[in-house]
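Colleague: Residue numbers (this note's numbering): 172 to 232. Just so it is clear, CB atoms sit at the ideal spot from N, CA and C, and this is done for glycine as well. A quick note: this is a predicted structure, and the numbers were derived from the prediction, not measured. Pasting a structure below so you can have a look.
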């Protein structure tokens with residue numbers, strides 16, 4: 172899936188397409204809570220490992 176911005180979802184915040192999960196939520200789980208990408212897929216089962224990596228890459232650019 173890709174990262175999308177839509178005003179009708181999450182107030183236009185970047186989300187993982189088809190999930191409604193904000194990129195920010197993935198980044199917070201990784202940076203502040205200390206979860207690794209595999210653990211994040213358990214927190215957000217609608218996200219694949221590649222979705223998590225894509226979200227983290229988006230967040231850092």
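1. Buried or exposed: where does residue 176 fall if 16 or more other Cβ atoms within 10 Å of its Cβ makes it buried?
2. Assign residue 212 to one of three DSSP states: helix, strand, or coil.
3. Going by CA-CA distance only, name the one from 192, 191, 224, 193 that's closest to residue 207.
4. With a threshold of 16 other CB atoms inside 10 Å of the CB of residue 232, please say whether the residue is buried or exposed.
Modeller: Here's the rundown:
1. exposed
2. helix
3. 224
4. exposed
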